[in-house]
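Step one of this worksheet: look at the structure below.
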Amino acid sequence: MTIKFDAEKAVKAFESHLVKTVRAIQMELLHDAQAGMTTPEGRQDLFAEGIQAAAGIITAQITGGPWAIVDEYGKGSLMDPNNPALDEYRNSPFWNPVRKDLVIRGRPAGPYTNIFGERRVSSGRAKGVNLERLAVAGKIKDDVDDFLPKYPSHAVKIAFRWMRLESFQRHLNMAIRSFPWARYLKVTNTKR
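Note that this note's numbering has the sequence shown beginning at 711, numbered continuously upward.
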């Protein structure tokens with residue numbers, strides 16, 4: 711009796727099998743992160759990208775827009791200063807040029823675009839003024855939520871940590887156990 715294993719077909723099929731597993735991991739991660747977000751806007755602004763498989767590496771991404779970033783890292787004086795995109799944001803045209811700290815402050819007079827891509831116009835009357843303090847004191851009536859600081863949820867960070875510590879290994883073990891390895895074995899009778 712001769713036993714042969716068709717490794718080439720098995721590897722291709724297993725990679726396809728792993729792509730499905732990575733997709734399941736990605737969706738679990740996305741749902742866990744969305745569940746941890748503290749704002750509906752943050753939950754809606756977080757989504758799964760396509761999965762890519764090349765050269766034996768399978769990648770999947772969770773991507774978020776500005777609402778997801780605000781939810782994840784916070785806003786104003788309560789913002790997490792360890793946000794990896796904070797320096798880029800501070801050097802972008804979206805950052806208030808008179809804002810030297812994390813406190814939400816009034817802008818200079820003129821048009822500007824905020825982090826959400828909205829065009830606004832500032833009168834300049836509150837240039838440099840701590841708008842958080844005014845909002846908390848009830849001295850701002852319109853769009854008060856725009857000026858209140860927000861604690862970070864770290865929902866994505868927590869979901870990734872949970873995935874790394876618990877779920878990833880479980881998914882990987884299940885993928886290995888559920889793959890039909892025997893399908894790629896060829897057994898033939900050999901005569902003596």
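A virtual CB, placed ideally from N, CA and C, is assigned to each residue, including glycine.
Quantities reported herein were computed from a predicted structural model and do not represent experimental measurements.
On the three-state DSSP scale, how would you describe residue i?
{"i": "phenylalanine 826", "result": "coil"}
{"i": "lysine 901", "result": "coil"}
Decide if residue i is buried, meaning its Cβ has at least 16 other Cβ atoms within 10 Å, or exposed.
{"i": "serine 802", "result": "exposed"}
{"i": "alanine 764", "result": "exposed"}
{"i": "asparagine 862", "result": "According to the sequence displayed, residue 862 carries proline and not asparagine. Label assigned to proline 862: buried."}
{"i": "glutamine 762", "result": "exposed"}
{"i": "glutamate 842", "result": "buried"}
{"i": "leucine 895", "result": "exposed"}
{"i": "glycine 816", "result": "buried"}
{"i": "valine 780", "result": "buried"}
{"i": "leucine 875", "result": "exposed"}
{"i": "arginine 753", "result": "buried"}
{"i": "alanine 847", "result": "exposed"}
In angstroms, rounded to a whole number, what distance separates the CA positions of residue i and residue j?
{"i": "glutamate 751", "j": "alanine 743", "result": "13 Å"}
{"i": "glycine 775", "j": "tryptophan 872", "result": "22 Å"}
{"i": "isoleucine 713", "j": "tryptophan 891", "result": "13 Å"}
{"i": "glycine 838", "j": "glycine 827", "result": "21 Å"}
{"i": "aspartate 716", "j": "phenylalanine 889", "result": "14 Å"}
{"i": "valine 866", "j": "glutamate 782", "result": "7 Å"}
{"i": "alanine 836", "j": "methionine 789", "result": "21 Å"}
{"i": "histidine 864", "j": "glycine 760", "result": "23 Å"}
{"i": "alanine 678", "j": "isoleucine 768", "result": "With the chain represented from 711 up to 902, any question about residue 678 goes unanswered, as that position is not in the structure."}
{"i": "serine 880", "j": "lysine 722", "result": "The sequence shown places arginine at residue 880, not serine. Rounded to the nearest angstrom, the two C-alpha atoms are 22 Å apart."}
{"i": "phenylalanine 870", "j": "lysine 719", "result": "33 Å"}
{"i": "tyrosine 799", "j": "glycine 834", "result": "22 Å"}
{"i": "serine 724", "j": "aspartate 852", "result": "In the sequence under discussion, the amino acid at residue 724 is phenylalanine, which differs from the serine named in the question. The alpha-carbon atoms of phenylalanine 724 and aspartate 852 are separated by roughly 57 Å."}
{"i": "asparagine 792", "j": "leucine 844", "result": "26 Å"}
{"i": "phenylalanine 857", "j": "threonine 823", "result": "16 Å"}
Measure the beta-carbon distance from residue i to residue j and round it to whole angstroms, keeping in mind my assumption that it falls under 8 Å.
{"i": "valine 732", "j": "alanine 770", "result": "5 Å"}
{"i": "valine 813", "j": "serine 787", "result": "5 Å"}
{"i": "lysine 860", "j": "glycine 784", "result": "5 Å"}
{"i": "phenylalanine 772", "j": "leucine 756", "result": "The question names phenylalanine, but residue 772 is isoleucine in the sequence shown. Indeed they touch by this definition, with Cβ atoms about 7 Å apart."}
{"i": "proline 818", "j": "proline 807", "result": "7 Å"}
{"i": "asparagine 899", "j": "methionine 711", "result": "6 Å"}
Any beta carbon from chain D within less than 8 Å of residue i's own beta carbon?
{"i": "aspartate 856", "result": "Given the protein chain composition of this structure (a single chain), no chain D is represented."}
Restricting to runs no shorter than 3 residues, where is the beta strand (DSSP E) found entirely within the stretch 745 to 809? Counting whole runs of 3 or more residues, the stretch 745 to 809 contains the beta strand (DSSP E) stretches 756 to 758, 762 to 764, 767 to 769, 772 to 774.
Please go through the stretch 811 to 888 and give each complete beta strand (DSSP E) segment of 3 or more residues, from N-terminal end onward. Qualifying beta strand (DSSP E) stretches, in chain order: 820 to 823, 829 to 832.
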